[in-house]
Structures are given as C-alpha cells and as structure tokens.
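With our numbering, the residue at position 105 of the first sequence is 156, and numbering never jumps.
The beta carbon of each residue, even a glycine, is placed where N, CA and C say it ideally should be.
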Amino acid sequence: MPIPADWPTTEAEALAEQERLRPLVQPHDDPGRDPAAPGTLIAGVDVAYDDEHDLVAAAAVLLDRDTLDVVEQATAVGRIAFPYVPGLLAFRELPAVLDALAALTRTPDTVVCDGYGLAHPRRLGLASHLGILTGLRTLGVAKTPFTFDHHEPDAARGSWTPLTDPATGEEVGRAVRTRAGVKPVFVSVGHRTGLDTAVRTTLDLARHYRLPETTRHADSLCRRALADARRTGTNAN
DNA sequence: GCGACAG
DNA sequence: ATCTTGTCGC
C-alpha cells in the first residue's frame, strides 16, 4: 500500500502535524498493568533506503519477550515519502513501518523503534509518533545522542545516566549501558510506557549485544527486503 | 550567518 | 541511512 493520502509533503505541514499529535502522547505505563508480564510479544521495526531508486523497505519482527525467539516477521516496500530532515524523521520512516506492522498476524505488546520518542525538539520523535498513530505501546532506542547531553554511565551493564535537553534541562531519556564497557544506547519513552519500563525492556532485549535483539533482527530483515526489491522490481514479502 | 543534527 | 576491506578478538 502506498503513502497515506494525507501524509505531509512540506516541512511546514510536518511541523504542524507534530504540534497536533504532541499532546496525545501518554508518557507513562498503563495503570494497573505489569509492564514486565511474561509471555508477551515485543515488536522491533526498522527501515532501509535506496534513494537512487526511490525505494524504502521496512521490517517488523515479533519476538517472545522471555526467550527472545522470533515468532513472526513481515516486510513492506514502497516509495520514499519524505526527505531526511533532523526532527522530522518520522515522516520518512513511518509509512513503510505502518505497512510492515499491518502485515503481522498478531498484535505486539510493545514496539521498539530505532530512534527517539519524547527525546525530540518538539517531544514527538518517531517512537511517540508511531504510538499515537497505532495506539500501541512504544519506546525508542537510539544509537547516538542527537542534540542531547549526557554523562558517561559507569562501565557495568545496566548502569545509566540521564539524557537531558540542553534547552530546558529536563530529562528526556537515558544513556543506558547494555554491555559492559561498550558505548551506551539512548532510551526514551514512546507512548503508553514509562521511562523505567522503557529502560527495563531495553536491557531485557539487549542481553547479548549492545542493541536490542528486536532491532537487530528488524535491521537485517529490512536490508534483505530492500535488496530483493532492488533486484526484482518492487514488492516482495 | 554558522554549526549540529535520530535514521 | 549509505558508500566500503581488512583486521583484531572472543
């Protein structure tokens, strides 16, 4: 399925859309629910591009939260919907991600995104944006500090330091050490999830590598999907 | 104006 | 994100 008919085309439209969605974000756990409940399905999503051929491929992978086994996966290929503009990444990545998620048979308990959620200039990074659009719980795990500040966490796995917005001083996320002595990842709340839960979930999923198992699987899958599409002509699931 | 800038 | 070889190490 193509790009949503009403998808923003200009930066001005995208900025207005972020302002509209921003107040809808729920930056905390759902009341009366155990966020660490066993037997849940966590989804990982990621996107790969080929600007040359105007192609984008997204992947959605479902993992069992306890065993980290992949239980289902889906991909979606389409045209690039928006250029890369820092702060407006959601408009470039989400159309394909929504298609990949829609192709899944089961609904994930939480979706782990590549990038930020509340840690965003206007508090609506792609993770939060995706949460509002789907109603699903989401959180973001980014690989670089973006425009935020942080101090180096202690070397032990599990240690973390606050990620702050230099403009306001508020904590927008956390720099989390998922592997001893390895560069930290940057976790932020997406939607219907609190920061403690987002960090806990990230650590549970990144037991063996720096990045969550969800993103690692989604990353390799969307690259394969892109290679296929580039070789064939278009779609291929 | 200049530099920085998730993926 | 993507362009790209070998190399050091568990």
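Inter-residue distance for Thr-91 and Arg-116 is about 6 Å (C-alpha atoms, whole angstroms).
The DSSP-derived three-state label of Phe-199 is coil. Judged by their CB atoms, Val-163 and Thr-248 are not nearer to each other than the 8 Å cut-off.
Asp-117: not part of any alpha helix (DSSP H); DSSP gives it neither H nor E. Taking the Cα of Arg-71 as reference, the smallest distance to any Cα among Trp-211, Asp-105, Ser-179 is reached at Ser-179. The beta-carbon distance between Arg-261 and Val-233, rounded to whole angstroms, is 5 Å. This is short enough to meet the 8 Å contact definition. The alpha carbon of Thr-195 has as its nearest neighbour, out of Val-98, Arg-225, Ala-109, the alpha carbon of Arg-225.
Rounded to whole angstroms, the separation of the alpha carbons of Arg-281 and Asp-101 is 8 Å. For His-259 and Thr-219, the gap between their C-alpha atoms comes out near 35 Å.
Taking the Cα positions, Ala-67 is about 10 Å away from Arg-73. Inclusion of Gln-77 and His-242 in the CB contact set at 8 Å is warranted, their separation being smaller than that value. In this structure Ala-170 is in contact with Leu-214, their Cβ atoms being roughly 6 Å apart against a cut-off of 8 Å.
For Ala-153 against Thr-126, the beta-carbon gap comes to about 11 Å, at or over 8 Å, which does not count as contact. Annotation for Val-148: the continuous alpha helix (DSSP H) segment containing it runs 140–153. Distances from the CA of Pro-159 to each of Leu-114, Arg-208, Leu-277, Pro-89 were compared; the closest alpha carbon is that of Leu-114. Take Pro-89, set aside five residues on each side of it, and the residues of its chain with a beta-carbon closer than 6 Å to its own are Asp-117, in chain order. Beta-carbon to beta-carbon, Ala-147 and Val-107 are separated by about 5 Å, close enough to satisfy the 8 Å threshold.
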